[in-house]
Amino acid sequence: MQKLAIASLEASSLRRRNKRSRSEQRRLARMRRQQTSATVGSTSEDQQKWQQVRPFLTVNDHLEGPVPHGSCGPKTELESLVEAAIADGDFEKAEMLSDHLANRQFAVKIADAFAAKRCAEEQEAKRRRDYVKRQAKLPWGFEAKERWQMKGNM
């Protein structure tokens, strides 16, 4: 009987330890994925692209007021899932969903930054074409004849 109690006590502590280590394992795996994704994509070419796009990340911030427009609208499915997970007390799931939501929003911001960079490059190319077109024209216009060129002097 005593051996059975000790075995059940060890099993319950092992379950708690495994449960704790699983959450820690998930957290460590998430951190490893983030680090590997950061190191895999960190070639010099990617770094140059990132440095070129970085100024365009906040290009549309002047259009937003002190209150974001989306806060008054209906919640997305992901936002409602986060709130449901918090209400259920499943904070790990809520944190995972929140990270996913933040990553999605950052991806949208990066896509907008690339679009703004592309637009700026197109505007600069158009400006250069217009400048060349203006320079190609001769700067000659109508000039009045000199006095010695008039018909009366012939």
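For this note's numbering, count along the sequence shown from 1 and bump the result up by 1. From the three backbone atoms N, C-alpha and C, an ideal C-beta is built for every residue, glycine too. Only a predicted model underlies this, so the values are computations on that prediction, with no experimental measurement involved.
Check the C-beta distance from leucine 79 over to leucine 58 and give it rounded, since I have them as a contact under 8 Å. Not quite, the Cβ-Cβ distance comes to about 22 Å (not below 8 Å), so this is no contact.
If we count Cβ pairs, one from each stretch, closer than 8 Å, do we get three or more for the segment 116-130 versus the segment 48-68? yes
Enumerate in chain order the residues of its own chain whose CB-to-CB distance from valine 60 is below 6 Å, with the five nearest sequence positions on each side excluded. Ala117
Give the straight-line distance between the Cα atoms of aspartate 62 and aspartate 131, rounded to the nearest whole angstrom. 30 Å
For proline 67 and alanine 108, what's the separation of their Cα atoms in angstroms? 22 Å
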